[in-house]
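First comes the structure, then the notes that go with it.
Chains as they are written, first to last, in the working numbering: chain A, 1 to 361; chain B, 362 to 722.
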């Protein structure tokens with residue numbers, strides 16, 4: 001089990017999210033059943049948390065509460081949270097990762113604040129300018145990783161290149177793939193199409209001597225088709241694509257619900273097929289894929305959906321467990337570490353070629 | 362009927378698309394039943410077309426064939442098509458719109474070539490720098506228009522502003538709305554979020570004294586929710602969003618098909634609900650919404666899906682009929698025509714304010 005390799009506790013922001021702290025505590029208890037041996041550092045209002053934790057003896061034996069007087073609200077602006085949030089459950093949970101008291105942090109709180117404070121406290125990894133949000137997406141072949149889902153609104157070719165490296169590490173850790181196929185999201189599969197930065201990132205990935213399994217360009221429909229395991233895109237496009245797909249899925253669910261309610265015969269049909277349809281619902285259940293990671297930070301920060309229930313929050317904890325166990329940041333550092341010598345080497349080669357050309361002329 | 366207002370024939374590129382010329386001819390016959398009184402100018406290989414048209418007496422009485430010796434293939438690069446395609450069915454059909462022989466052109470051929478030749482031959486409308494591809498999308502409330510779907514990979518604030526004006530005209534013409542709600546696609550609904558050009562376009566639309574019904578920012582999930590009637594975005598994001606939604610819909614259809622085939626009971630359930638499910642399939646049927654328009658050109662050019670069947674092609678012809686009948690370009694010219702005086706006026710006001718400030722100091 002992945003959990004066996006984890007020594008330090010996982011920090012939980014018990015006060016973040018619509019259903020906090022109940023779902024966080026209940027979710028942590030569920031995670032302990034799934035990953036026996038893990039420990040938690042739970043940040044939040046102690047008087048409120050103590051009676052809740054009392055109800056969960058397994059959790060009680062595996063956690064420590066750290067009292068934090070303040071809470072960052074879901075409507076707080078990130079800039080305000082950064083200025084005034086130092087004694088909040090979110091900030092202190094993140095800081096415990098920085099200090100080495102915890103190996104990862106999981107929060108269902110305000111996304112913008114979590115991103116801003118994580119960046120400020122944990123800092124980015126050496127060689128990474130922009131962190132990215134990565135999460136899983138259902139496909140015809142299983143699941144794929146998509147990034148960036150909105151940490152940045154703009155990304156240049158070098159950013160996209162690094163997203164590919166980070167997505168590769170994420171897919172190996174969370175999906176357990178040995179050589180994930182990586183695709184660059186574009187408006188056509190031909191080399192000539194698309195935005196300048198996407199074309200440049202494609203060249204970088206093609207010429208890269210890193211051991212990435214680069215498939216090339218993919219289009220929007222390739223995401224759910226499962227053409228690749230890692231979908232690389234900028235945060236604007238990724239965010240729109242993810243939410244558009246969610247919207248389309250909701251539209252179809254509504255159509256289906258209305259169809260099965262449209263007549264007694266249709267209702268009976270739905271009833272007979274209900275077992276099979278429950279399977280479809282389960283496959284599309286976002287709660288299963290809860291837990292988006294802020295990749296590229298010098299510490300593991302996992303964002304749970306704000307509306308997460310206990311099962312959903314437990315899945316976000318699982319993502320943290322996998323990422324810690326597979327030492328995701330060591331993998332990213334290792335790959336990124338290869339970039340600079342490669343760049344220096346290619347600069348040297350270029351200079352040499354130029355010199356040789358001069359000599360022959 | 363809209364068709365009653367149409368005098369000039371509609372030009373058809375009979376040789377474009379996977380199922381040409383059969384589906385084009387059959388689709389034209391179907392369109393005649395739907396819009397009695399319209400006429401066609403059919404461009405293509407006459408020896409091939411004549412026997413086909415013979416089978417459709419209604420069409421035969423309402424069309425004229427123009428022989429064209431060449432065909433632009435689906436794999437031809439736009440640049441090659443522009444250089445060598447002058448005697449092709451596509452080029453000559455577009456040229457007939459330019460010459461006033463036809464009121465619109467419909468083609469199921471190579472999208473890139475159709476766009477490039479249309480731009481070259483028809484030119485953009487005065488005040489429009491970049492044309493946009495607009496098409497319909499199903500929503501919980503009915504349908505919405507989305508643009509740009511890939512005519513451009515990058516758009517600045519002024520482009521997006523003009524897309525809003527063109528989308529408004531398209532929604533009034535095709536959806537029959539008097540004041541379509543217009544939304545700007547972004548990664549959040551707050552004013553502070555998003556790319557610079559999107560935020561600037563938002564200011565332009567808010568400050569605009571044109572009579573647009575501007576809703577503000579929307580997110581990806583708002584598209585299918587039907588929050589607005591016109592979704593404005595750049596061609597890269599729009600193309601990815603559209604194809605991602607198509608991919609998600611295909612994924613769910615596959616899950617459902619597998620579910621209904623998973624057991625005899627589920628199969629029976631599916632059978633009982635089949636009538637209701639057919640309604641869902643119909644609502645999601647892309648063929649119903651076939652016909653994307655190249656908005657912003659000085660002539661109406663409608664692109665049918667390359668794989669269109671006769672029913673699908675007939676719907677693309679209907680889009681052309683609606684756009685001609687509602688004089689879409691007159692509407693766009695009128696709105697765009699208001700922009701320059703408004704700009705001049707606001708420049709004058711600014712200068713006046715500055716003068717007054719100087720005088721008071």
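For glycine and all other residues, C-beta sits at the position ideal for the given N, C-alpha and C.
Nothing here was measured: the structure is a model prediction, and the numbers come from that model.
- In this structure, residue 495(B) lies away from residue 393(B), with their beta-carbon atoms at least 8 Å apart.
- Ranked by Cα distance from residue 572(B), the options 666(B), 697(B) and 454(B) are led by 697(B).
- Our two residues, residue 642(B) and residue 281(A), have alpha carbons roughly 18 Å apart in a direct line.
- Shown here, residue 654(B) sits in a strand according to DSSP, grouped into three states.
- When 7 Å is used as the limit between beta carbons, residue 575(B) is near no residue of chain A, the shortest such separation being about 19 Å.
- According to the DSSP assignment, residue 468(B) belongs to the beta strand (DSSP E) that extends over 465–468.
- The three-state secondary structure of residue 261(A), taken from DSSP, is coil.
- The way I'd put it, the segment 212–219 of chain A doesn't touch the segment 546–557 of chain B; fewer than three beta-carbon pairs between them come closer than 8 Å.
- In this structure, the straight-line span from the alpha carbon of residue 446(B) to that of residue 527(B) is close to 29 Å.
- Residue 492(B) is not a Cβ neighbour of residue 463(B), given a cutoff of 8 Å.
- For residue 611(B), the residues of chain A that pass the 9 Å Cβ criterion are 140, 221, 224 and 225, in the order they occur in the chain.
- Contact with chain B is absent for residue 32(A), since none of that chain's Cβ atoms lies less than 8 Å from the residue's Cβ.
- If you ignore the 5 residues before and after residue 318(A), its C-beta comes within less than 8 Å of the C-beta of 31, 34, 35 and 291, all in its own chain and listed in chain order.
- One thing to note: residue 45(A) has its Cβ no nearer than 8 Å to the Cβ of residue 149(A).
- For residue 626(B), the residues of chain A that pass the 9 Å Cβ criterion are 272, 273, 275 and 276, in the order they occur in the chain.
- Counted as a single uninterrupted DSSP element, the beta strand (DSSP E) harbouring residue 138(A) occupies residues 132–139.
- Cβ proximity to chain B below 9 Å picks out 112 from the segment 103–125 of chain A.
- Below 8 Å, enough C-beta pairs join the segment 471–478 of chain B and the segment 439–457 of chain B to call them touching: three or more.
- In the assembly as shown, residue 27(A) is a buried residue. Its beta-carbon has 16 or more other beta-carbons within 10 Å.
- At a cut-off of 8 Å, the C-beta of residue 616(B) has a neighbouring C-beta in chain A.
- Straight across, the Cα-Cα distance linking residue 71(A) with residue 90(A) is about 7 Å.
- Contacts with chain A at 8 Å (Cβ-Cβ) do not include residue 715(B).
- From the listed residues 76(A), 108(A), 47(A) and 68(A), the smallest Cα separation to residue 95(A) is found for 68(A).
- In this structure, residue 108(A) lies away from residue 11(A), with their beta-carbon atoms at least 8 Å apart.
- For residue 374(B), DSSP records a beta bridge to 404(B) and 468(B).
- Within chain A, the residues whose beta carbon sits less than 9 Å from that of residue 607(B) are 220, 221, 224 and 248, listed in sequence order.
- Taking one beta carbon from each stretch, the segment 597–616 of chain B and the segment 258–273 of chain A have fewer than 3 pairs nearer than 8 Å; the two do not touch.
- Following the DSSP letters along the chain, one finds residue 661(B) inside the beta strand (DSSP E) bounded by residues 661–664.
- Excluding five sequence positions before and after residue 298(A), the CB atoms of its chain that fall closer than 6 Å to its own CB belong to 122, 123 and 125, given in chain order.
- Spanning the alpha carbons of residue 586(B) and residue 638(B) requires a straight line of approximately 20 Å.
- In the three-state reduction of the DSSP assignment, residue 449(B) falls in the strand class, which pools E and B.
- Residues of the segment 639–650 of chain B with a C-beta less than 8 Å from any C-beta of chain A: 640, 641, 644 and 645, listed in chain order.
- The beta carbon of residue 655(B) sits no closer than 8 Å to any beta carbon of chain A.
- Between the alpha carbons of residue 329(A) and residue 581(B) lies a distance of about 31 Å.
- At a cut-off of 8 Å between beta carbons, residue 564(B) makes no contact with chain A.
- Unbroken beta strand (DSSP E) runs of no fewer than 3 residues, entirely contained in the segment 169–223 of chain A, are found at 181–185 and 213–218, following chain order.
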